[in-house]
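**Student:** The following block contains the structure, expressed as structure tokens.
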Amino acid sequence: MLHGYIPPHRFLSYLSWVDIDALPDRKNTVIVLPCGAIEQHGPHLPCSVDSVIASGVVGRALDKLPSSVPAFAMPTITYGKSEEHLHFPGTMTLTGTTLLSTVVEIGESVYRAGFRKLVFANGHGGQPQVLEMAARELRLRHGDFVVVPVGVTRLPNASSKQISEQEKRLSMHAGHSETALMLALAPETVRMDRVAASFPPPFPIKLLSPDGRPACAWTARDFGPSGVIGDPTSATVEQGREILETLSDSWVQVLAELHALEWVVRDEPTWERGHQTGFIQTHVPAAA
Ligand SMILES: [Zn+2]
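Here this note's numbering is used: the first residue of the sequence shown is 2, the next is one more, and so on.
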């Protein structure tokens, strides 16, 4: 069925319009839009990695979320802006403007349905800028809309204690953490017999890049023919499960606190388009 990794009772699109219209407190119900990509992830991983991880982590968090916290996931956006990987077959990319329009229009639909809290859970490192722009645009259009763009694996999790210093500094794509998470979420798609490490040479201008990450614009092919930028060789399913559990615990906390987040509209004249009002932010601690 369409929900994939999302628990069916937390999948917004399984509700009818009548059900959605009858939801209590839509204003504080948290809607999550997993944002993925279809792009090469080296010889050992499928092209769907970022879509699987975005929906898999969100789904696990919604599995564990207390029923007292109203939250739903939308169907995952499985295509993203993947132009830095277009030199490999299997990469299916939108342009940045297409993704921006898509996400803003979905956000508008979420707002129109009466929801006021929306999270973009992004699984692809090549598009946070687009999602940040979309979030800002939605905020400009609607003064009472809380839109949060966040990398789905950026919340605290066990991966930092599993990986080497070199991985920490230079791994960007199809490395240890993505491979371990895929072993936990979709093991049948992972080819550990094909894993090999590949790192870019450290960027030589220290003031631009203290940790050696490339400071100039790049495409994945610039760093070698495999498409891997990292070291997936030591990833295990146990590590992937540990990342998934710790990461989804962090997401449970974030969703609960977003639900409890209270925005007080400050009614004052402004020069924004649409005469939007300003905000004072207060935070109501989540009930234990
Ligand atoms: Zn990826």
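Even for Gly, the Cβ is constructed at its ideal location relative to N, Cα and C.
Tell me whether Ser17 sits in a helix, a strand or coil according to DSSP, three-state version.
**Tutor:** Coil.
**Student:** Could you please give me the residues that DSSP links to Leu46 through a beta bridge?
**Tutor:** His42
**Student:** Please return the same chain residues whose Cβ sits closer than 6 Å to the Cβ of Ala288, not counting the five positions on each side in sequence.
**Tutor:** Any answer about Ala288 is weak, because its pLDDT of 49 lies below 50 and its placement is not dependable; what the coordinates show is given next. Answer for Ala288: no residue qualifies.
**Student:** So which of Ser251, Val31, His4 has the shortest CA-CA distance to Ala159?
**Tutor:** Ser251
**Student:** Just the Cα atoms here: how many angstroms apart are Thr154 and Ala221?
**Tutor:** 20 Å
**Student:** Using 10 angstroms around the beta-carbon of Ser161, count the other beta-carbons present and answer buried if the total reaches 16, otherwise exposed.
**Tutor:** Ser161 comes out exposed.
**Student:** Considering only C-alpha positions, which residue in the set Arg214, Arg113, Ala136, Leu184 is nearest to Ala122?
**Tutor:** Ala136
**Student:** Does any heavy atom of ligand 1 sit closer than 6 Å to the C-beta of Asp232?
**Tutor:** no
**Student:** Got a sec: does ligand 1 put a non-hydrogen atom nearer than 6 Å to the Cβ of Asp51?
**Tutor:** Judged by the Cβ position, Asp51 qualifies as a neighbour of ligand 1 at the 6 Å threshold, a heavy atom of the ligand being closer than this.
**Student:** Answer with buried or exposed for Leu171, where buried requires no fewer than 16 other C-beta atoms within 10 angstroms of its C-beta.
**Tutor:** When all chains shown are included, Leu171 counts as buried.
**Student:** Is Asn29 helix, strand or coil by DSSP?
**Tutor:** helix
**Student:** What's the gap between the Cα of Arg214 and the Cα of Gln167?
**Tutor:** 11 Å
**Student:** Where does Leu141 sit, in a helix, a strand or coil, going by DSSP?
**Tutor:** helix
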